[in-house]
Amino acid sequence: MSTADFVPIQTKASLMRKRPQQDDFQVTVFEPKKAKANRPKFVKPKPESGDKTDEEAEEEDIDDIFSEARRRKRKAKKEDPQVFDISRARKEVINYGISGLDRETKLEAKVALAVKLGAKPPKNAYRNYKEILEERRREKTETDRESRRRKGQSYGAARSYQQQKQRAREKASNPNSVTRHYGETIRGRCRSVVLMK
């Protein structure tokens, strides 16, 4: 095959090369607000005031809308000193109380205040589940011991022996007991013997 017979394949790129380039190409870039705020600001010099046509005035309004200068914050309305705001006074009292605390307590009080005002409470630090269960068990036994001490009860084998004797006395003295008619049963080698009282 000779080079004279070779015909290149028409592709989009080769067709684009043959066309004359257009000069009306524009680029539109969208950037986030944070990046826009951190970029250095360039203030346009204001032209001398003179006779402006309607088109120029309209163009200036559009420039104001899309300008990169930060919007001015509205000034807060001056409040009347005669009006007493109870919620503001309450807030000031709480802040005054917090200011007198030491560093750690102050931090805890601020967190508690934030939670009270609707913030999400901070997460607890991670602890092993087995340790938590063990701690709960210990607390439960401590509370049981304390309650027994307050009631004046004794502990251990002596306590269980006393309970057993008490139950036996209650059964014997109970007139509605089912076994009160039969007496005691004694088990022997071969058979059980019932002794009547």
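Going left to right, the sequence shown walks through residues 3 to 199 as my numbering numbers them.
Virtual Cβ for every residue (Gly too), placed ideally from N, Cα, C.
Just so we're clear, the structure is a prediction, and the values are computed from it rather than from any experiment.
If you look at ILE11, you'll find it isn't in any alpha helix (DSSP H); DSSP assigns it neither H nor E. Take the alpha-carbon of ASP104 and the one of TYR163: they are about 55 Å apart. Pairing ILE100 with LYS108 gives a Cβ-Cβ distance under 7 Å. In this chain, the alpha helix (DSSP H) harbouring ASP146 covers 131-153. Under the DSSP assignment, ALA37 falls in the alpha helix (DSSP H) whose first and last residues are 35-40. Across the set LYS80, LYS77, ASN178 and LEU119, the C-alpha of LEU119 shows the shortest separation from the C-alpha of SER89. For ARG19, the secondary structure class from DSSP, reduced to helix, strand or coil, is helix.
Annotation: LYS93 to ALA127 spans about 30 Å, alpha carbon to alpha carbon. TYR163 carries a helical assignment under DSSP once its states are collapsed to helix, strand and coil. Take the alpha-carbon of LYS132 and the one of LYS167: they are about 40 Å apart.
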